[in-house]
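S.K.: Residue numbers (numbering that gives the first Met the number 0), protein chains in the order written: chain A, 0 to 636; chain B, 0 to 351.
Beta carbons: idealized from backbone N, C-alpha and C, even for Gly.
Keep in mind the model is a prediction, meaning the values are calculated, not measured.
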Amino acid sequence: MATSDADDSLYPIAVLIDELRNEDVQLRLNSIKKLGTIALALGVERTRAELIPFLTDTIYDEDEVLLALAEQLGSFTPLVGGPEHVHCLLPPLESLATVEETVVRDKAVESLRIIADQHSQGDLENYFVPLVKRLASGDWFTSRTSACGLFSVCYKRVSTNVKAELRQNFRNLCADDTPMVRRAAAGKLGEFAKVVESECLKSDLIQLFNLLAQDEQDSVRLLAVEASVSIASLLPSEDTEQLVMPTLRQAAEDKSWRVRYMVADKFTELQSAVGPEITKNDLVPAFQSLLKDCEAEVRAASAHKVKDFCQTLSPDVREQIIMSSMLPCVKDLVADANQHVKSALASVIMGLSPILGKDNTIEHLLPLFLTQLKDECPEVRLNIISNLDCVNEVIGIKQLSQSLLPAIVELAEDTKWRVRLAIIEYMPLLAGQLGVEFFDEKLNSLCMTWLVDHVYAIREAATLNLKKLVEKFGKDWAQQTVIPKVLQMSRDQNYLHRLTCLFCINLLAEPLGQDLTTKLMLPTIITMGSDPVANVRFNVAKTLQKLAPQLDQSSIQTQVKPLLEKLKADSDMDVQYYASEALEGDIDGIRDGNVEIVIALVRLCAQIRWLSQLGCGEAILINLSPGNTLASISSQA
Amino acid sequence: MTGNGGELTWCFSQVKGAIEEDVADADIISCVEFNSDGDLLATGDKGGRVVIFQRDVASKNSVPSRAEYNVYSTFQSHEPEFDYLKSLEIEEKINKIRWLRQTNRNHFLLSTNDKTIKLWKVAERNKRPEGYNLKDEMGQFRGRSAITSLRVPVFQPMELMVEASPKRVFANAHTYHINSISVNSDLETYLSADDLRINLWNLEITDQSFNIVDIKPANMEELTEVITAAEFHPKECNMFVYSSSKGSIRLCDMREQALCDKHAKLFEEPEDPTNRSFFSEIISSISDVKFSHSGRYMITRDYLSVKVWDLNMENRPVETYQVHEYLRNKLCSLYENDCIFDKFECSWSGDD
Numbered sequence: 000m001a002t003s004d005a006d007d008s009l010y011p012i013a014v015l016i017d018e019l020r021n022e023d024v025q026l027r028l029n030s031i032k033k034l035g036t037i038a039l040a041l042g043v044e045r046t047r048a049e050l051i052p053f054l055t056d057t058i059y060d061e062d063e064v065l066l067a068l069a070e071q072l073g074s075f076t077p078l079v080g081g082p083e084h085v086h087c088l089l090p091p092l093e094s095l096a097t098v099e100e101t102v103v104r105d106k107a108v109e110s111l112r113i114i115a116d117q118h119s120q121g122d123l124e125n126y127f128v129p130l131v132k133r134l135a136s137g138d139w140f141t142s143r144t145s146a147c148g149l150f151s152v153c154y155k156r157v158s159t160n161v162k163a164e165l166r167q168n169f170r171n172l173c174a175d176d177t178p179m180v181r182r183a184a185a186g187k188l189g190e191f192a193k194v195v196e197s198e199c200l201k202s203d204l205i206q207l208f209n210l211l212a213q214d215e216q217d218s219v220r221l222l223a224v225e226a227s228v229s230i231a232s233l234l235p236s237e238d239t240e241q242l243v244m245p246t247l248r249q250a251a252e253d254k255s256w257r258v259r260y261m262v263a264d265k266f267t268e269l270q271s272a273v274g275p276e277i278t279k280n281d282l283v284p285a286f287q288s289l290l291k292d293c294e295a296e297v298r299a300a301s302a303h304k305v306k307d308f309c310q311t312l313s314p315d316v317r318e319q320i321i322m323s324s325m326l327p328c329v330k331d332l333v334a335d336a337n338q339h340v341k342s343a344l345a346s347v348i349m350g351l352s353p354i355l356g357k358d359n360t361i362e363h364l365l366p367l368f369l370t371q372l373k374d375e376c377p378e379v380r381l382n383i384i385s386n387l388d389c390v391n392e393v394i395g396i397k398q399l400s401q402s403l404l405p406a407i408v409e410l411a412e413d414t415k416w417r418v419r420l421a422i423i424e425y426m427p428l429l430a431g432q433l434g435v436e437f438f439d440e441k442l443n444s445l446c447m448t449w450l451v452d453h454v455y456a457i458r459e460a461a462t463l464n465l466k467k468l469v470e471k472f473g474k475d476w477a478q479q480t481v482i483p484k485v486l487q488m489s490r491d492q493n494y495l496h497r498l499t500c501l502f503c504i505n506l507l508a509e510p511l512g513q514d515l516t517t518k519l520m521l522p523t524i525i526t527m528g529s530d531p532v533a534n535v536r537f538n539v540a541k542t543l544q545k546l547a548p549q550l551d552q553s554s555i556q557t558q559v560k561p562l563l564e565k566l567k568a569d570s571d572m573d574v575q576y577y578a579s580e581a582l583e584g585d586i587d588g589i590r591d592g593n594v595e596i597v598i599a600l601v602r603l604c605a606q607i608r609w610l611s612q613l614g615c616g617e618a619i620l621i622n623l624s625p626g627n628t629l630a631s632i633s634s635q636a
Numbered sequence: 000m001t002g003n004g005g006e007l008t009w010c011f012s013q014v015k016g017a018i019e020e021d022v023a024d025a026d027i028i029s030c031v032e033f034n035s036d037g038d039l040l041a042t043g044d045k046g047g048r049v050v051i052f053q054r055d056v057a058s059k060n061s062v063p064s065r066a067e068y069n070v071y072s073t074f075q076s077h078e079p080e081f082d083y084l085k086s087l088e089i090e091e092k093i094n095k096i097r098w099l100r101q102t103n104r105n106h107f108l109l110s111t112n113d114k115t116i117k118l119w120k121v122a123e124r125n126k127r128p129e130g131y132n133l134k135d136e137m138g139q140f141r142g143r144s145a146i147t148s149l150r151v152p153v154f155q156p157m158e159l160m161v162e163a164s165p166k167r168v169f170a171n172a173h174t175y176h177i178n179s180i181s182v183n184s185d186l187e188t189y190l191s192a193d194d195l196r197i198n199l200w201n202l203e204i205t206d207q208s209f210n211i212v213d214i215k216p217a218n219m220e221e222l223t224e225v226i227t228a229a230e231f232h233p234k235e236c237n238m239f240v241y242s243s244s245k246g247s248i249r250l251c252d253m254r255e256q257a258l259c260d261k262h263a264k265l266f267e268e269p270e271d272p273t274n275r276s277f278f279s280e281i282i283s284s285i286s287d288v289k290f291s292h293s294g295r296y297m298i299t300r301d302y303l304s305v306k307v308w309d310l311n312m313e314n315r316p317v318e319t320y321q322v323h324e325y326l327r328n329k330l331c332s333l334y335e336n337d338c339i340f341d342k343f344e345c346s347w348s349g350d351d
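#1: In this structure, what does DSSP give as the bridge partners for Gly43 (chain B)?
#2: What span of residues does the alpha helix (DSSP H) with Asn443 (chain A) cover, start to end?
#3: Just mark Thr319 (chain B) as buried or exposed, buried being the case when its beta carbon has 16 or more other beta carbons within 10 Å.
#4: Just mark Thr223 (chain B) as buried or exposed, buried being the case when its beta carbon has 16 or more other beta carbons within 10 Å.
#5: Could you name the residues that DSSP lists as bridge partners for Ile114 (chain A)?
#6: Quick one: is Asp17 (chain A) near chain B, going by C-beta distance under 9 angstroms?
#7: Output the boundary residues of the alpha helix (DSSP H) element that contains Leu381 (chain A).
#8: In chain order, what residues of the stretch 89-105 of chain B put their CB closer than 7 angstroms to some CB of chain A?
#9: CA-CA distance, Lys471 (chain A) and Leu465 (chain A)?
#10: If you scan the stretch 206-289 of chain B from start to end, which runs of the alpha helix (DSSP H) of 4 or more residues do you find wholly inside it?
#11: Let me see if you follow: with CB-CB separation under 9 angstroms, is Asp185 (chain B) close to chain A or not?
#12: With 8 angstroms as the limit, tell me which residues of the stretch 146-157 of chain B have their beta carbon closer than that to any beta carbon of chain A; keep them in chain order.
#13: Between the alpha carbons of Asp354 (chain B) and Thr42 (chain B), how many angstroms are there, rounded?
#14: Under 8 angstroms Cβ-Cβ, which residues of chain A neighbour Cys236 (chain B)?
#15: Taking only beta-carbon atoms, is Ile205 (chain A) less than 9 angstroms away from chain B?
#16: Below 8 angstroms on the Cβ atoms is my contact criterion, and I expect Leu355 (chain A) with Leu364 (chain A) to pass it. Report the Cβ-Cβ distance as a whole number of Å.
#17: Taking Cβ to Cβ, would you say Val454 (chain A) is nearer than 9 angstroms to Trp416 (chain A)?
#18: Just confirm the distance between the C-beta atoms of Lys166 (chain B) and Trp119 (chain B), as a whole number of angstroms; I'd bet it's less than 8 angstroms.
#19: From the DSSP secondary-structure annotation, give me the bridge partner or partners of Glu88 (chain B).
#20: On the DSSP letters alone, give me the boundaries of the alpha helix (DSSP H) that Gln513 (chain A) sits inside.
#21: So if I threshold CB-CB distances at 7 angstroms, which residues from the stretch 48-73 of chain A count as touching chain D?
#22: Are the stretch 215-223 of chain A and the stretch 191-205 of chain A touching by the rule of at least three beta carbon pairs closer than 8 angstroms?
#23: Less than 9 angstroms between CB atoms is the rule here; does Lys117 (chain B) satisfy it with respect to chain A?
#24: Report all residues from its chain with a CB closer than 7 angstroms to the CB of Glu424 (chain A); omit the five preceding and five following residues, and keep chain order.
#25: Between the Cα of Gly584 (chain A) and the Cα atoms of A:Lys560, A:Val340, A:Thr144 and A:His118, which residue gives the shortest distance?
#26: Please confirm if Lys264 (chain B) has its CB atom under 9 angstroms from at least one CB of chain A.
#27: For the stretch 193-223 of chain B, enumerate the residues whose C-beta is nearer than 9 angstroms to any C-beta of chain A, in chain order.
#28: Give the interface partners of Asn178 (chain B) over in chain A, defined as CB-CB distance under 9 angstroms, in chain order.
#29: Output the boundary residues of the beta strand (DSSP E) element that contains Asn426 (chain A).
#30: To the nearest angstrom, how far is the alpha carbon of Gly626 (chain A) from that of Lys357 (chain A)?
#31: Where does Asn538 (chain A) fall in DSSP's three states?
#32: When the cut-off is 9 angstroms and only beta carbons count, does Lys106 (chain A) lie next to chain B?
#33: With DSSP collapsed to three states, give me the class of Tyr175 (chain B).
#34: In angstroms, rounded to a whole number, what distance separates the CA positions of Ser181 (chain B) and Leu190 (chain B)?
#35: Keeping to the same chain, check which residues put their C-beta closer than 7 angstroms to that of Glu392 (chain A); ignore five residues upstream and five downstream.
#36: To the nearest whole angstrom, what separates the beta carbons of Ala229 (chain B) and Leu250 (chain B), a pair I think is in contact under 8 angstroms?
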């Protein structure tokens, strides 16, 4: 509560209040975000009497301010005096719910839903429900669309008469003149269905569902499809068959491709909602026709769902349905004219092999994989390659490796750099699955070629790739196969390649550890410190700074510091700058490193003392060998 | 505007703007549009400005009804821009304005120049907050110690202020000059058409648009016709028409396919061989197409006539009105002074 002698504490609040109406929108936004502070300073009574009415009138403001306000009000209940007074938050939220900017309206509705739960049953009927009714019969369609979102939160706790009124209001909204309102109603039908009693569901809401599913506007019909999933999951099978399926069958054959697309998109949810019997009888034929739809977008959406649909089929009929109904359609899709369809299929088709098992996979699926592996569209090939692990588990990768290699090489040399980038990103995964011998034999040279690609993004990805491979295959492998080639790049004629060498060293230092870094890589870095090109020299400085934690003190003193001093006196400004940065960083780094060790040791001693006081006689052995990082020491302590 | 001879006489009710001979180029009005109930009239000019007139309330209710409009709001919608990639100037001239159906007390309109479409909100404000903590009545700052209690501002009425603010900018979707925009009956989407392509937008989303018609040939040397106007059906959310420079109108149904290159109906009147001349093709180019409010008919304007088409009949219009037939003999001189390429618009009365 504000008291008249606490002058200084009022000042910041006074500033905030004045900024609520400042010209600058950022200041207003800032104040709105601190509305809680203002309300606390004013106290609950003044907040209710003065602040809330002010906020109710502030609807002329910019959208971001109104959005912030709508959000704040959702958590304002304690600031107006708790649940008995929560209804006084309704007027500002009501006016925010009529604003034309959708995000503001949605946030206001969200906040209204939050505070609905805090109303007592009496307050709900006296204040909240009248608000809903006012919005639902408002002149402007913005208020009517907002109303749609408020039915489900208040329905459960009101009396039977009021429930009937609410249902009537919702019915009116479903038959509203404006498509926007009908769309909002269709969107909320599902959640309303979840709270109404099941007789009302069957008698009233099914009617509304059918009404919306036959609306003249495509955009309303396709939202009804979404609602059908919720409704179907609430009804027992026989009711679903009778009340929902006719409408759904129509939707799957709707004239508008957008509605059919929505059915395809929601197919797996539908499948879970209607249950196995209806799936077998109705959904399987429907899915087949969607996979053969004349519009490519619909086929692509259905193709995406093939794996999930097959997996969710009940086990006793699964194999039979897949082999007899799904596989023929899938075979057709592999040769589809549209590349997005093929690409969508490629991303899921491999997932069918665990479901079908080894023999069926070899006989039926393998040819399809191989065809897609040779597809002219790179995205299709990429999608196959990225999902190899499912196949690996079932039949082992050897079957594919013959075709796999040419496919990988072709993608790695594609003229579009984004395709090359994508295959690089799969390389660590592939390497893990194919094993180190296969990799060394066939793919190693590819990884090296990428390091000297003419697109920078590829070179960058290639260095990251190397790091991941070293982490996977280990230091010895790195020492034998990777390091020599990387270091060789330091003598390349093209300065960009010499830079790439440095970037590799940056990333490889950590997995290789201090020993190898100092022994193998440091000499090369030092040599590059005398490179004729300035870019290389200042990157040497940056590399040395980055590597400092990996190097031992003596190397730092004898080799690194002298070089950095020399570079600090370089003729090029950038080299001077980075060298001095590195020198300061080095010193701090070392100092920080030492401090960390000291702190850890002190903590350790304290713990030992404490333990010994409790009578724990065992000594704690700490491994202080150089290989251990500080993190592991602290965790052991 | 068409007159059907005899009963109707037309006269000016009001003249807005300058009538003198030398008008600044920037003031030339480039488009005119009423909103759905006729209370507001928006005009766009070559200087990128939009002026909105509002109907005087008294004049609306008087008998016989007069229409008197007063300036309601003026704002600069588009500025001239430069396309660096092609070294071309982008004019700020407003090509089309379309009002959105009124959703609440504020008004919205779409205005477009050659390349960019903007959604404007026109709002009235008649209250302002009063009462500061840190300043007194005169506006002087008070000292920190003078603040003994907190004061919440209160809204007081003030004189009416009309503000226009840009809400969305839909840019970079058209290679050629935008000639039409049309809002869909679903109130969520609208289309914009340039010479070769038509794009579908969602009013909420400015960074994506779908291309629904593309008549650009693979080889530009084979180009024979361009899109001149496009409009959504007033009631069916999935149908729209577009007219071409060759005198045909195509009706497309968006339900059939995602890309509507294939038309559902083609409206074309076979040419009258007696009137054939060197200029036939030029004057058959349709400059505007408008659906009736019922959605059953549409009118098209070509150089010399207005035709009324029934959507159910594709091979000829149901009515044809010659607007200035006397010009038919003068086509040659009109061609020489380029007036033959002038574009006219057409419009239905409120009761069709």
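M.R.: Concretely, from the data shown:
#1: If you number the second sequence from 1, residue 43 (chain B) lands on position 44. B:Cys30 and B:Val49.
#2: In the first sequence, counting from the first residue as 1, residue 443 (chain A) sits at position 444. Run containing Asn443 (chain A): Asn443 to Leu450, per the alpha helix (DSSP H) assignment.
#3: Translated into the one-based positions of the second sequence, residue 319 (chain B) becomes position 320. Exposed, by the Cβ-count rule.
#4: As a first step, residue 223 (chain B) must be located in the second sequence, where it is residue number 224. Classification of Thr223 (chain B): exposed, given that the 10 Å Cβ count is below 16.
#5: Counting from 1 along the first sequence, the entry for residue 114 (chain A) is found at position 115. In the DSSP output, where bridge partners are listed per residue, Ile114 (chain A) has none listed.
#6: Reading the first sequence from its first residue, position 18 is the one you call residue 17 (chain A). Answer yes: the Cβ-Cβ gap between Asp17 (chain A) and chain B drops below 9 angstroms somewhere.
#7: Residue numbering aside, residue 381 (chain A) sits at position 382 when the first sequence is read from its first letter. First-last of the alpha helix (DSSP H) with Leu381 (chain A): Pro377 to Ser385.
#8: Thr102, Asn103 and Asn105
#9: In the first sequence, residue 471 (chain A) corresponds to position 472, counting from 1. In the first sequence, residue 465 (chain A) corresponds to position 466, counting from 1. If I take the Cα positions, the gap works out to 10 angstroms.
#10: 279-283
#11: Translated into positions along the second sequence, residue 185 (chain B) becomes position 186. Taking Cβ atoms only, chain A reaches closer than 9 angstroms to Asp185 (chain B), which makes this a yes.
#12: Ile146, Thr147, Ser148, Leu149, Arg150, Val151, Pro152, Val153 and Phe154
#13: No answer is possible for residue 354 (chain B): the residues shown for chain B start at 0 and end at 351.
#14: For this step, residue 236 (chain B) is matched to residue 237 along the second sequence. What Cys236 (chain B) touches in chain A: Pro178, Glu215, Gln216, Asp217 and Ser218.
#15: One-based indexing of the first sequence puts residue 205 (chain A) at position 206. By this cut-off, Ile205 (chain A) is not an interface position.
#16: Residue mapping note: residue 355 (chain A) aligns to position 356 of the first sequence, counting from 1. Residue mapping note: residue 364 (chain A) aligns to position 365 of the first sequence, counting from 1. Contact holds; Cβ gap of about 7 angstroms.
#17: Residue mapping note: residue 454 (chain A) aligns to position 455 of the first sequence, counting from 1. Residue mapping note: residue 416 (chain A) aligns to position 417 of the first sequence, counting from 1. The answer is yes: Cβ separation under 9 angstroms.
#18: Against the second sequence, residue 166 (chain B) aligns to sequence position 167. Against the second sequence, residue 119 (chain B) aligns to sequence position 120. That belief holds up - the Cβ atoms of Lys166 (chain B) and Trp119 (chain B) are roughly 7 angstroms apart, short of 8 angstroms.
#19: Numbered from 1 along the second sequence, position 89 holds the residue referred to as residue 88 (chain B). B:Phe81.
#20: Position 514 of the first sequence, counted from the first residue, corresponds to residue 513 (chain A). Counting along the chain, the alpha helix (DSSP H) containing Gln513 (chain A) begins and ends at Tyr494 to Leu515.
#21: Among the protein chains in the structure shown, which are A and B, there is no chain D.
#22: no
#23: As a first step, residue 117 (chain B) is located in the second sequence; it is residue number 118 there, counting from the start. Closer than 9 angstroms: no.
#24: Residue mapping note: residue 424 (chain A) aligns to position 425 of the first sequence, counting from 1. So the qualifying residues of the chain are Ala460.
#25: As a working mapping, residue 584 (chain A) is identified with position 585 in the first sequence. That would be A:Lys560, whose Cα lies nearest to the Cα of Gly584 (chain A).
#26: Residue 264 (chain B) sits at position 265 when you count from the first residue of the second sequence. Chain A, which has no Cβ nearer than 9 angstroms to the Cβ of Lys264 (chain B), makes this no.
#27: Glu203
#28: To locate residue 178 (chain B), count along the second sequence from 1; it is residue 179. Those within 9 angstroms of Asn178 (chain B) in chain A number zero; the least Cβ separation is about 26 angstroms.
#29: For the purposes of this step, residue 426 (chain A) is taken as the residue at position 427 of the first sequence. The sequence given here places Met at residue 426 (chain A); Asn does not occur at that position. No beta strand (DSSP E) holds Met426 (chain A); the alpha helix (DSSP H) holding it covers Trp416 to Leu433.
#30: Translated into the one-based positions of the first sequence, residue 626 (chain A) becomes position 627. Translated into the one-based positions of the first sequence, residue 357 (chain A) becomes position 358. The predicted position of Gly626 (chain A) is uncertain, since its pLDDT is 44 and thus under 50; a value taken from the coordinates is nonetheless stated next. If I take the Cα positions, the gap works out to 46 angstroms.
#31: What you label residue 538 (chain A) is simply residue 539 of the first sequence in a count that begins at 1. Helix at Asn538 (chain A).
#32: Translated into positions along the first sequence, residue 106 (chain A) becomes position 107. Chain B contact via Cβ: absent.
#33: What you label residue 175 (chain B) is simply residue 176 of the second sequence in a count that begins at 1. If DSSP states are grouped into helix, strand and coil, Tyr175 (chain B) belongs with coil.
#34: Along the second sequence, read from residue 1 onward, the residue named residue 181 (chain B) stands at position 182. Along the second sequence, read from residue 1 onward, the residue named residue 190 (chain B) stands at position 191. Using only the alpha carbons, I get a separation of about 5 angstroms.
#35: Residue numbering aside, residue 392 (chain A) sits at position 393 when the first sequence is read from its first letter. Pro353, listed in sequence order.
#36: Counting from one through the second sequence, the residue named residue 229 (chain B) turns up at place 230. Counting from one through the second sequence, the residue named residue 250 (chain B) turns up at place 251. No, Ala229 (chain B) and Leu250 (chain B) are not in contact; Cβ-Cβ is about 11 angstroms, not under 8 angstroms.
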